[in-house]
Each structure stands twice: as C-alpha cells, then as structure tokens.
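Encoded as structure tokens, the structure appears first; notes follow it.
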Ligand SMILES: Cc1cc2nc3c(=O)[nH]c(=O)nc-3n(C[C@H](O)[C@H](O)[C@H](O)COP(=O)(O)O)c2cc1C
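In the working numbering, the protein residues as written are 41 to 281.
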C-alpha cells in the first residue's frame with residue numbers, strides 16, 4: 041500500500057472477526073516501529089504493553105467498559121506514559137548522544153558537543169520534568185514569564201504542561217503503531233473509554249505511570265466500521281498564510 045492507501049485504510053474498528061488470530065510477532069514489529077515516532081527531547085517517556093493472553097484480554101475488556109472493540113479484540117496494546125522515568129531516560133540519552141558525538145563528530149568538536157549534551161540531559165531535562173505538587177512548575181513558569189519580557193520563550197512548562205508533553209509524545213507513537221498495523225492489513229481502534237485505575241492494576245503499573253491509550257487489534261468484520269468516514273469540511277480547518 042502507498043502511504044495514502046494506508047491512511048485511508050485505517051479506520052477505528054469496533055467489531056473484529058473472532059475467528060481470525062493475529063501473528064503476535066507482526067504486532068510486535070509494529071510496536072517496534074512505533075518507537076520511531078518523534079518524541080519530545082528524545083526522552084521516550086513511554087512503555088508499550090502488548091497483551092496476547094486471553095485471560096488478561098478479558099480483564100482489559102471489562103476495564104474498557106466492555107466496548108465491542110475491546111470485547112472482540114484478538115490482542116491489545118496499552119500505551120503508557122512514564123514521566124517518572126525522566127532521570128534514567130535522561131541518563132541513557134546522555135550516554136547515547138555522547139557515543140554519537142564520539143563516533144560521528146570531528147575530534148576538535150567533541151568536548152564542546154559533549155558538554156552541550158551534558159547540560160541538556162544532565163541539567164535542563166531534570167529541571168523541566170521534576171515535579172513537586174505544582175510548586176516546581178510554578179517557578180519554571182514564573183521564570184519563563186520573566187524571560188518573556190525580553191525575548192520569545194516557551195511558556196508551557198508547568199507540571200501539567202509537561203504531562204501534556206508526555207501524552208502528546210505517546211499519542212504519536214500510538215498513531216505510528218496504528219498506521220504500521222494498517223500497512224499489514226491489521227485493524228485497530230484507539231480507546232480512551234477505560235477505567236484507568238483498573239487498567240493500571242491489571243498491568244501492575246506504578247502509581248505515577250499513566251494510561252495514554254488502549255489500542256485494540258484484530259481483523260475487521262463487515263459490520264466493524266461504523267459507516268462512512270466523516271470529517272469537518274477541509275476548508276473549515278485549513279488555514280493558509
Ligand atoms: C484519543 C482517542 C480516543 C478514542 N476513544 C475511543 C473509544 O473509547 N471508543 C471508540 O469506539 N473509539 C474511540 N476513538 C476513535 C474515534 O472515535 C475515531 O478515531 C473517530 O471517530 C474517527 O474515525 P476513524 O478513526 O475511523 O477515522 C478514539 C480516538 C482517539 C484519537
């Protein structure tokens with residue numbers, strides 16, 4: 041399929057054929073492609089839970105309010121945000137970027153470039169992602185407002201803003217996954233209709249992990265798609281300047 045065909049093929053499927061099983065390895069390879077999605081500062085504060093066990097699928101279906109898309113799903117992938125892992129991810133990224141500089145940059149630029157990465161992942165990222173009952177975020181925002189008097193700056197750095205950043209990033213990986221699934225003729229449905237407390241309990245997730253989306257997977261049945269695709273007229277949303 042061409043990219044255009046893949047995008048057109050992807051639909052939110054609400055009823056899967058329960059007689060057709062999916063190849064778990066193929067689904068796993070789509071999850072691997074999802075990790076190539078763009079993500080904020082390459083911090084990759086996400087995790088992907090690939091559910092193939094029928095007992096867990098049944099529990100998850102209940103947690104997804106028994107929507108038919110969940111009930112008939114052959115497999116599910118739960119997209120999870122892990123803002124709490126910011127220190128270990130920043131440390132890993134510093135390691136990887138340092139190796140990258142040593143491998144690909146001219147020798148005379150090593151020191152300067154490694155120092156820049158050390159500042160970014162060693163100082164800036166921990167400052168941006170740290171949380172303490174909204175207080176750290178309040179001070180970050182205050183500093184941004186002060187800087188904003190003198191030059192353009194980023195204002196969306198409060199603690200709730202950073203939560204949005206992590207969820208945005210995770211949603212991009214979910215979309216990449218769904219398109220990868222379409223490419224091999226597998227269907228999906230993204231769901232936010234779920235009980236996050238139950239989903240977290242089923243997956244034994246720590247308190248600070250958050251569920252971004254549950255994506256059900258299977259092969260569409262003829263009644264699996266709810267009618268024609270409907271979008272607001274393009275000219276209502278397309279602004280050109
Ligand atoms: C964040 C998000 C949450 C969604 N949650 C649900 C859901 O809980 N149940 C459902 O049936 N569809 C859900 N959908 C699917 C949308 O209803 C669907 O994408 C939209 O109607 C457009 O249809 P299409 O995906 O076939 O183009 C969700 C989609 C997104 C992006």
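For every residue, glycine included, the Cβ atom is placed at its ideal position computed from N, Cα and C.
The beta carbon of residue 54 sits closer than 7 angstroms to at least one heavy atom of ligand 1. When the Cα atoms are used, residue 158 and residue 151 turn out to be separated by approximately 10 angstroms.
Bounds of the alpha helix (DSSP H) holding residue 157 are 150-159. Considering only 276, 227 and 153, the residue with the shortest C-alpha distance to residue 49 is 227.
A buried status is given to residue 218, since no fewer than 16 other beta-carbon atoms sit within 10 Å of its beta-carbon. Within 7 angstroms of the C-beta of residue 269 there is at least one heavy atom belonging to ligand 1. Taking non-hydrogen atoms of ligand 1 into account, the C-beta of residue 257 is found less than 7 angstroms away from none of them. Of the heavy atoms belonging to ligand 1, none sits nearer than 7 angstroms to the Cβ of residue 116. For a cut-off of 8 angstroms, the C-beta gap from residue 125 to residue 113 is around 28 angstroms, too long to register as a contact.
Taking 8 angstroms as the cut-off, the Cβ atoms of residue 147 and residue 64 do not count as close. Buried is the label assigned to residue 168, since at least 16 other Cβ atoms lie within 10 Å of its Cβ. Only residues of its own chain outside the window of five on either side were considered, and among them 110 and 111 have a CB closer than 6 angstroms to the CB of residue 101, listed in chain order. Contiguous alpha helix (DSSP H) elements confined to the region 85-149 occur at 94-103, 108-111 and 126-144, taking only those with 4 or more residues. Between residue 76 and residue 209, the beta carbon gap of about 12 angstroms keeps them out of contact (Cβ cut-off 8 angstroms). When the Cα atoms are used, residue 69 and residue 191 turn out to be separated by approximately 44 angstroms.
No alpha helix (DSSP H) of 4 residues or more sits fully in the region 178-207.
With three or more CB-CB distances shorter than 8 angstroms, the region 193-203 counts as touching the region 167-181. According to DSSP, residue pairing for residue 56 in a beta bridge involves 260.
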